[in-house]
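Q:
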Amino acid sequence: MSKSLGNVADPVELLERFGADAVRYFLMRDGGIEHDAEFSEAAVTKRYKELAGQLGNLAMRCSAASVNPEGIVPLRDDGLGPNEEKLAGMLTNLRGESKCEGHSQHTLKSVSSPGLSTNGYWNDRKPWELAATLASTADGGGGEPARHLRTTLFMAFETLRVVGLLLQPVMPTKMAQLLDSIGVPPGQRTWRYAVLAASESAPRDNDGTPGFGGERRLPTAKAPALFPRLK
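Residue numbers (the numbering used here): 86 to 316.
(1) Cβ of A144 within 8 Å of Cβ of L311?
(2) In its own chain, which residues sit with a C-beta less than 7 Å from the C-beta of G116, not counting the 5 before and 5 after it?
(3) Could you tell me which residues DSSP pairs with I267 in its beta bridges?
(4) Distance check for R132 and F111, CA to CA, integer angstroms please.
(5) Here's a check: name, in chain order, each residue in its chain whose Cβ is nearer than 6 Å to the Cβ of R210, leaving out the five neighbours to either side.
(6) Please list the segments of the alpha helix (DSSP H) lying wholly inside the stretch 118-170, counting only runs of 4 or more residues, in order along the chain.
(7) Tell me whether P301 sits in a helix, a strand or coil according to DSSP, three-state version.
(8) Is it true that the stretch 263-275 meets the stretch 164-178, where meeting means three or more beta-carbon pairs spaced less than 8 Å apart?
(9) In terms of residue numbering, what span does the alpha helix (DSSP H) encompassing R232 cover?
(10) Could you check where the alpha helix (DSSP H) with L100 kicks off and where it finishes?
(11) Using only alpha-carbon positions, find the residue among G249, L303 and N208 that is nearest to P154.
(12) Alpha carbon to alpha carbon, what distance is there between Y206 and M113?
(13) Suppose you measure from the CA of Q139 to the CA of G228; what does that come to, to the nearest Å?
(14) Give me the Cα-Cα distance between T258 and L201, rounded to the nearest whole angstrom.
(15) If you draw a straight line from the C-alpha of E214 to the C-alpha of R301, how long is it?
(16) Can you tell me which of the three DSSP states R314 falls into?
(17) What are the boundary residues of the alpha helix (DSSP H) that includes P212?
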């Protein structure tokens, strides 16, 4: 990029197209401090689409009436399988990695990775099929399909919550929108809550019980797209 060659980027145009949060994320994720960084509008577009595909898409999927007709964030189920335990381990370690390295390029890559993994997990679990099975039963469902669906929803919402909390310093407006859309109370958006709900490291009340992680309802108003399609 050279001013004499005239191939500079207009920051106002970038902000208007991608928004301040996405541009800030790109600069911190791909920008260089010790070394020069490569810049292009295509690179910013790539990161924006990653955010849309990983966080925005997951938020839309687990809030959809087709898989979550009651509009709830379910309680944690103690019977987590190997795939859930793997995701739980990733989420549990994120806060420690952020604390050690701050919001460095490596940390932002680590914080963003559970979104990709959870979308893959979602596709493997096929919650839309579980929901369809429950809807077709006479009593509205129960048993294994219901438990698997609750567990899948729990892991998806926890990914959004933990990642959303840790990305607040980089994307404060977008992450506030995300946390609002999944019903996270304002008083539970600090560093101490950026762990898997009901885990050993979760904050606890004076009586020793987990201080958060109970079932909660999603806002009734439909949330707008977190990262709208680019024009």
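Even glycine gets a Cβ: it sits at the ideal position worked out from N, Cα and C.
A: Quick answer:
(1) yes
(2) A122
(3) In DSSP, I267 forms no bridge with anything.
(4) 6 Å
(5) T237
(6) 126-136 and 142-148
(7) Note on residue identity: the sequence assigns Arg, not Pro, to residue 301. Of the three classes helix, strand and coil, the one that applies to R301 here is strand, per DSSP.
(8) no
(9) G228 to L251
(10) P96 to F103
(11) L303
(12) 28 Å
(13) 30 Å
(14) 21 Å
(15) 23 Å
(16) coil
(17) P212 to S221
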